[in-house]
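Peer 1: If you scroll down you'll find the structure; I have some questions about it.
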Amino acid sequence: MMILAVGTLWFLFHKSQAPTSQQQNSLTNAVAAVNSTTSIPVSNSIPNQPPVATVVTNISSDEADVTAKYKQSLIGKDAAVTEIMMLKNKQSQDFYGKAVDQYGQPIAGVDVTGNLMLIQGWDKDEKITRYKTQSDENGLFQFTGLTGWQLGVTVNKVGYLMGNDAESFKTPAGGKTSPNDRAIITMWKLRGPETLVGQSIDAKISHDGTSATFDMGTGKESPSGDLRVTLSRFPLEVHRGRDRFDWVVKIEMLHGGLIEENDPYPYWAPETGYQRSFEFNVSSNSVPWQYKLEQSFYIKNSQGQYGKMQFGIYSALTPSRLQVGLTINPSGSQNLEPAFEK
Amino acid sequence: MLTDFMKSIVRNFWGLAIVAGFMTLANFARADYFTFWANNNFDRSVYSSDDGTNIDDSLNPIEIAHLPTYQQIPDCDYVNASGQRVIPSKRDLQDFTRLWLAGVNELVHALPTNSTITLSWTSVNGEPTIDLFAAIDPGTGYLTNETVAAAQIDPVQCPYLGRISPTQTVQFTKATWRTNQFIWCGVKYGNGGLTMTIADGNGNTLATTTAWIQIVDIKQMYERWTVGDTPSRAPYTNAVIASDGILGPNAPFQFTPPQDTNTPYILFVHGWNMRTDDKNNFSETAFKRLYWQGYQGRFGCFRWPTGNGFDSKINALTDSRNYDNSESNAWASGVGLLNKLKDLNSQYPGHVYLLAHSMGNVVAGEALRLANSQVANTYIAMQGAVPAHCYDNSTVNRSTYSTPDRYAHYWTNSSPSYFSASAGAGAYVNFYNTNDYALGWWNVDQGQKPDNGVLGFGINYPGYFYSSSSGFYKIAGTTYYLGFPTNTYEIFSYCDPSWSYALGAQAGVNGAFNNQQINLPSVWLTDPLTTDPNNKFSKHFWHSAEFRSDYPSQVNFWRTILGVDGFNLK
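Residue numbers (our numbering), protein chains in the order written: chain A, 54 to 395; chain Y, 10 to 579.
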């Protein structure tokens with residue numbers, strides 16, 4: 054009722070600009086076009102003609118209805134946006150998942166929470182309703198019959214860890230799950246925490262090809278250390294943020310080795326395959342060009358101890374900056390599990 | 010009677026040490042007051058029936074009015090339903106600093122029976138008043154760790170120990186002494202010497218030491234520049250110091266000229282839909298969280314006349330163009346920001362850092378475009394609500410329209426992007442989240458441009474249109490043709506939909522950003538609502554998470570702001 058009144062007032066207000074019969078036909082046609090195809094040809098007409106929708110991407114019919122009301126001036130801009138937002142609450146949120154461990158074995162008894170979110174406005178927090186279920190003996194679980202904007206799923210089971218990596222939560226192509234095409238949630242079956250020794254390096258280093266060597270035990274620069282980093286930048290003088298330049302960093306484990314680590318659960322170091330050095334080369338013409346290297350490595354030191362190194366170097370800074378986090382298991386075990394917070 | 014050994018201990022007493030952030034400020038000289046802000050806001054853990062959880066936020070007056078009456082008092086006086094003085098939320102811990110009474114633990118057992126340890130003020134100006142709580146541990150975990158913070162606000166584990174004012178003292182005996190680690194917050198303004206006195210049972214002073222402390226309103230610790238806060242009025246071209254919310258006889262705060270030309274100055278620009286007190290709230294949250302990262306430089310905020318009050322469908326009906334009107338004001342505020350940046354850069358040459366949130370990046374982007382030379386060392390765009398094509402027309406098209414993409418090609422089809430020549434900052438860094446809630450709806454707003462005319466509730470709006478033959482135009486009683494560059498701001502705000510995603514939702518933006526970016530999910534790591542990487546950090550909260558919730562949950566964000574990928578000030 055209120056919306057209709059607003060629309061009526063709009064036409065009264067624009068009495069001096071009232072559309073001609075031809076223009077009214079254009080308006081009707083434009084609205085019809087929105088409803089039927091949502092693809093509106095570009096108007097080449099002169100100004101003073103009524104508005105035409107300009108969206109040429111596909112939108113839902115409900116959204117097209119809102120857009121049509123807006124284009125008829127029955128509702129205002131922000132009301133149109135808000136109504137379109139509310140339409141998103143009508144989406145089906147059925148979800149089918151399967152919980153497995155790192156060996157691919159199904160996990161029974163996983164506590165699964167579905168957080169169903171409903172939009173309440175552009176600048177208001179969502180209304181959230183929580184649904185709970187458990188995985189069956191085959192690791193399967195589902196939420197059905199839910200309608201809303203989004204369903205956020207979390208999993209929890211004592212003795213298992215859930216990661217942040219996309220590899221640990223794989224949804225089918227297109228994101229739509231079904232009983233036969235489930236989201237695969239991979240959890241890490243904990244082996245038990247080890248006593249790990251940590252150290253960090255935060256140093257300003259040269260970018261002219263001069264090597265810097267660090268003692269991994271103390272984190273300090275030391276000629277007798279076992280981590281050597283060599284950064285070369287061409288040219289030497291650059292403007293941070295503006296210039297693109299060639300640079301190369303060489304990371305050497307002088308008395309051990311390293312392997313790139315890209316695992317969703319980096320808690321078990323490989324036994325073999327360690328290389329003495331790793332080199333990262335960036336050309337100024339690289340696409341995308343990057344000024345930093347942030348990479349995690351498994352490492353093995355001269356005592357045969359396994360560990361992990363989170364390596365970061367920022368080549369555009371003058372002097373350049375090196376930030377390294379080191380974790381070693383002094384027992385010699387490949388297990389790199391820390392004591393996770395409960 | 011003290012033994013010689015005990016006398017030796019007392020003589021060698023380390024003294025009172027104020028620990029703030031990561032500094033230990035032992036025996037501050039009186040001329041160098043340790044200055045800390047009063048805990049006079051409303052950081053509350055509000056139960057949300059919508060999501061069944063508690064969310065920490067700083068409340069504005071409208072929100073405060075919805076609290077139970079006994080809770081409508083500032084945090085420094087907060088009591089629970091039983092009348093017990095408690096810390097209301099983990100968020101409120103960012104208003105507490107540490108007090109370490111070094112050496113007392115070692116000394117207390119050797120003191121004579123009936124000895125006392127008293128904390129009191131001496132040589133006061135004003136009414137310096139602080140509230141003292143037991144600390145959960147000696148470190149700063151209460152600021153950085155959720156578990157420690159939760160324990161810190163538990164009154165059983167960390168009880169309230171009392172108030173120290175010019176007329177009130179806190180006294181311990183050998184029996185009541187627990188630990189030498191405390192946290193405290195400011196209650197009333199003033200300065201003086203916080204003095205610890207150890208006395209024997211006859212009142213004879215065995216040892217005394219003093220630290221000089223000043224409690225001020227936080228609005229006396231940072232500058233608040235504004236080009237206006239009334240959405241219906243055009244922004245000024247030169248910012249003035251804001252005077253709202255100044256308590257007592259204080260004048261609006263301005264820094265004295267820096268003694269050290271290397272002093273950094275961070276200027277924060279807020280986004281859309283902020284009341285004046287919301288602007289203050291976000292600014293003060295940023296200031297506090299930078300402080301706790303160890304930032305020792307200066308801080309200011311730049312306010313501009315955004316619309317506000319847009320939080321419901323009703324508002325959307327009655328205020329048809331809140332967002333786009335605000336965007337118009339944002340573009341027009343660019344010149345005022347540029348003038349302020351020039352002014353600051355003359356005082357802090359090469360050390361001005363610009364930090365903008367959401368629609369504040371329209372203001373920031375325009376200021377840096379208008380600059381002919383560098384006025385900011387580094388610019389960080391947080392969740393930027395400005396088209397990515399303004400900087401880099403090679404980023405993906407979110408959608409295509411019959412209207413031209415004048416952000417990508419300004420203002421002919423063969424031209425470079427609008428901000429292509431932006432030279433105002435030495436480095437540009439994009440803090441983005443491809444799942445950002447508000448920037449998702451920003452897309453919808455863009456898709457509804459040109460803005461239709463509407464009349465309702467006594468407010469009329471012109472209609473905006475586009476035709477390929479005549480370009481952009483509006484009908485407001487008569488027809489007005491809109492052209493570049495004269496009507497750029499009006500066209501951008503009301504007519505021309507962005508073909509790209511917003512800057513703050515787009516990875517790999519080049520141009521001035523040169524692919525310098527921070528993917529916000531890599532900073533936040535954990536979204537308690539989902540482990541699905543496709544949906545993470547998509548809730549509304551995350552659009553401004555760095556200002557909301559408690560500090561422990563956002564500590565990594567602010568570390569990144571100052572870190573090597575951000576301002577590089579650590």
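Just so you know, even glycine gets a beta-carbon here, dropped at the ideal spot from N, CA and C.
In angstroms, rounded to a whole number, what distance separates the CA positions of Phe-298/A and Val-291/A?
Peer 2: As a position in the first sequence, residue 298/A is number 245, starting the count at 1. As a position in the first sequence, residue 291/A is number 238, starting the count at 1. Each residue's Cα considered, the two are about 8 Å apart.
Peer 1: If you scan the stretch 289–350 of chain A from start to end, which runs of the alpha helix (DSSP H) of 4 or more residues do you find wholly inside it?
Peer 2: With a minimum length of 4 residues, no continuous alpha helix (DSSP H) run stays inside the stretch 289–350 of chain A.
Peer 1: Pick from Met-230/Y, Tyr-198/Y, His-118/Y and Cys-194/Y: whose alpha carbon is nearest that of Trp-186/Y?
Peer 2: In the second sequence, the residue the question calls residue 186/Y occupies position 177. When only C-alpha atoms are compared, the closest one is His-118/Y.
Peer 1: With DSSP as the reference, identify every bridge partner of Asp-52/Y, one or two as the case may be.
Peer 2: Stepping through the second sequence from its first residue, residue 52/Y is reached at position 43. Bridge partners of Asp-52/Y: Ser-67/Y.
Peer 1: If you draw a straight line from the C-alpha of Asp-176/A to the C-alpha of His-549/Y, how long is it?
Peer 2: Taking the first residue of the first sequence as position 1, residue 176/A is located at position 123. Taking the first residue of the second sequence as position 1, residue 549/Y is located at position 540. Each residue's alpha carbon lies about 7 Å from the other.
Peer 1: Note down, in chain order, all residues in the stretch 231–256 of chain A with a beta-carbon under 8 Å from any beta-carbon belonging to chain Y.
Peer 2: So the close ones are Ala-236 and Ile-238.
Peer 1: Roughly how many whole angstroms lie between the Cα atoms of Ile-258/A and Ser-373/A?
Peer 2: Here residue 258/A refers to the residue found at position 205 of the first sequence. Here residue 373/A refers to the residue found at position 320 of the first sequence. The straight-line gap from Cα to Cα measures roughly 5 Å.
Peer 1: Which residues, taken in chain order from the stretch 427–444 of chain Y, show a beta carbon closer than 8 Å to some beta carbon of chain A?
Peer 2: Under the 8 Å Cβ criterion, the stretch 427–444 of chain Y contributes Ala-434, Gly-435, Ala-436, Tyr-437 and Val-438.
Peer 1: Beta-carbon separation of Lys-185/A and Thr-207/A under 7 Å?
Peer 2: The count along the first sequence starts at 1 and reaches residue 185/A at position 132. The count along the first sequence starts at 1 and reaches residue 207/A at position 154. No, the pair does not count as a contact, with Cβ atoms beyond the cut-off.
Peer 1: Verify the CB distance criterion: does Pro-137/Y have a CB-CB separation below 7 Å to chain A?
Peer 2: Residue numbering aside, residue 137/Y sits at position 128 when the second sequence is read from its first letter. Chain A, which has no Cβ nearer than 7 Å to the Cβ of Pro-137/Y, makes this no.
Peer 1: For a test of the three-state rule: what should DSSP assign to Leu-170/Y, helix, strand or coil?
Peer 2: For this step, residue 170/Y is matched to residue 161 along the second sequence. Reduced to three states, the DSSP call for Leu-170/Y is strand.
Peer 1: List the residues that DSSP assigns as beta-bridge partners of Gln-52/A.
Peer 2: In the structure as shown, chain A starts at 54 and stops at 395, and residue 52/A therefore has no counterpart that could be examined.
Peer 1: So with Cβ pairs under 7 Å, would you call Asn-461/Y a contact of chain A?
Peer 2: Within the second sequence, residue 461/Y is the residue found at index 452, counting from 1. Yes, Asn-461/Y counts as interfacial toward chain A.
Peer 1: Go ahead and pull the three-state DSSP assignment for Gln-77/A.
Peer 2: Sequence index remark: in the first sequence, residue 77/A carries index 24 (1-based). Legend: pLDDT at Gln-77/A = 32, less than 50; position of this residue unreliable, value from coordinates given subsequently. In the structure shown, Gln-77/A sits in a helix (DSSP, three-state: H, G or I).
Peer 1: For Ile-71/Y, count neighbouring C-beta atoms within 10 Å of its own C-beta (all shown protein chains included) and say buried if the count is 16 or more, exposed if not.
Peer 2: Taking the first residue of the second sequence as 1, we reach residue 71/Y at position 62. Classification for Ile-71/Y: exposed.
Peer 1: Which residues bound the alpha helix (DSSP H) around Lys-122/A?
Peer 2: For the purposes of this step, residue 122/A is taken as residue 69 along the first sequence, with counting starting at 1. Looking at the DSSP string, the run of the alpha helix (DSSP H) that includes Lys-122/A is 114–124.
Peer 1: I'd like to know if the stretch 306–319 of chain Y and the stretch 285–295 of chain Y are in contact, where contact means that at least 3 CB-CB pairs between them fall below 8 Å.
Peer 2: Verdict: yes, contact present.
Peer 1: Nearest by alpha-carbon distance to Thr-270/Y: which of Ala-339/Y, Pro-358/Y and Gly-148/Y is it?
Peer 2: One-based indexing of the second sequence puts residue 270/Y at position 261. It is Pro-358/Y.
Peer 1: Could you tell me the alpha carbon to alpha carbon distance between Val-236/Y and Tyr-87/Y, rounded to whole angstroms?
Peer 2: Here residue 236/Y is taken as the residue at index 227 of the second sequence, counted from 1. Here residue 87/Y is taken as the residue at index 78 of the second sequence, counted from 1. Roughly 35 Å separates the two Cα atoms.
Peer 1: From this set, Cys-504/Y, Pro-530/Y and Val-196/Y, which residue's C-alpha is nearest Ala-516/Y's C-alpha?
Peer 2: Residue numbering aside, residue 516/Y sits at position 507 when the second sequence is read from its first letter. Ranking the options by Cα distance to Ala-516/Y, first place goes to Pro-530/Y.
Peer 1: So what does Tyr-475/Y bridge to, in DSSP terms?
Peer 2: In the second sequence, counting from the first residue as 1, residue 475/Y sits at position 466. Answer is Phe-481/Y.
Peer 1: Run through the DSSP bridge pairs and tell me what Gly-225/Y is partnered with.
Peer 2: Residue numbering aside, residue 225/Y sits at position 216 when the second sequence is read from its first letter. A quick correction: the sequence has Val, not Gly, at residue 225/Y. Trp-46/Y.
Peer 1: Could you tell me whether any Cβ in chain A is nearer than 7 Å to the Cβ of His-398/Y?
Peer 2: Here residue 398/Y refers to the residue found at position 389 of the second sequence. It does not; no Cβ of chain A falls within 7 Å.
Peer 1: Using a Cβ-Cβ cut-off of 6 Å (strictly less than) and excluding sequence neighbours within five positions of Pro-100/A, which residues of its own chain qualify?
Peer 2: On the first sequence, position 47 is the one that residue 100/A refers to. Reliability fails at Pro-100/A, whose pLDDT of 39 lies under 50, so the model's placement of it is uncertain and the value that follows must be treated cautiously. Correct list: empty, nothing qualifies.
Peer 1: Using 10 angstroms around the beta-carbon of Glu-115/Y, count the other beta-carbons present and answer buried if the total reaches 16, otherwise exposed.
Peer 2: In the second sequence, residue 115/Y corresponds to position 106, counting from 1. It is exposed - the Cβ of Glu-115/Y has fewer than 16 other Cβ atoms within 10 Å.
Peer 1: Would the beta-carbon of Gln-348/A fall within 7 Å of that of Ile-381/A?
Peer 2: Stepping through the first sequence from its first residue, residue 348/A is reached at position 295. Stepping through the first sequence from its first residue, residue 381/A is reached at position 328. Not closer than 7 Å, so no.
Peer 1: Drop a sphere of 10 angstroms on the beta-carbon of Asn-89/Y, count the other beta-carbons inside from all chains shown, and report buried for 16 or more, exposed for fewer.
Peer 2: By 1-based counting over the second sequence, the position of residue 89/Y is 80. When all chains shown are included, Asn-89/Y counts as exposed.
Peer 1: Pick out whichever of Asn-354/A, Gly-216/A, Glu-332/A and Gln-125/A has its Cα sitting closest to the Cα of Phe-393/A.
Peer 2: Here residue 393/A refers to the residue found at position 340 when the first sequence is read from its first residue. Checked all of Asn-354/A, Gly-216/A, Glu-332/A and Gln-125/A; the closest Cα to Phe-393/A is Gly-216/A.
Peer 1: Run through chain Y and tell me which residues come within less than 8 Å of Arg-286/A, C-beta to C-beta.
Peer 2: Taking the first sequence and counting its residues from 1, the one referred to as residue 286/A is at position 233. The contacting residues do not exist; Arg-286/A stays about 15 Å from chain Y at best.
Peer 1: What residue from Ser-384/A, Ala-369/A, Ala-322/A and Glu-390/A has the CA that sits closest to Gln-525/Y's CA?
Peer 2: By 1-based counting over the second sequence, the position of residue 525/Y is 516. Ranking the options by Cα distance to Gln-525/Y, first place goes to Ala-369/A.
Peer 1: Determine the direct distance from the alpha carbon of Glu-232/Y to that of Ala-660/Y, and round the result to whole angstroms.
Peer 2: This structure cannot settle anything about residue 660/Y, because the visible part of chain Y is limited to 10 through 579.
Peer 1: Which chain A residues are close to Phe-264/Y, counting only those with a beta carbon under 7 Å from its beta carbon?
Peer 2: As a first step, residue 264/Y is located in the second sequence; it is residue number 255 there, counting from the start. Those within 7 Å of Phe-264/Y in chain A number zero; the least Cβ separation is about 27 Å.
Peer 1: From Phe-331/A to Pro-319/A, what distance separates their C-alpha atoms?
Peer 2: As a first step, residue 331/A must be located in the first sequence, where it is residue number 278. As a first step, residue 319/A must be located in the first sequence, where it is residue number 266. Each residue's Cα considered, the two are about 19 Å apart.
Peer 1: What residues of chain A sit near His-366/Y, judged by a beta carbon separation below 7 Å?
Peer 2: Along the second sequence, read from residue 1 onward, the residue named residue 366/Y stands at position 357. Within chain A, no residue comes near His-366/Y; the closest Cβ sits about 14 Å away, beyond 7 Å.
Peer 1: Applying a beta-carbon distance threshold of less than 7 Å, which residues of chain A neighbour Ser-547/Y?
Peer 2: Your numbering for residue 547/Y matches position 538 in the second sequence. Simply Gln-203.
Peer 1: Is it right to say Val-165/Y is buried, meaning 16 or more other beta carbons lie within 10 angstroms of its own, or is it exposed?
Peer 2: Against the second sequence, residue 165/Y aligns to sequence position 156. Classification of Val-165/Y: exposed, given that the 10 Å Cβ count is below 16.
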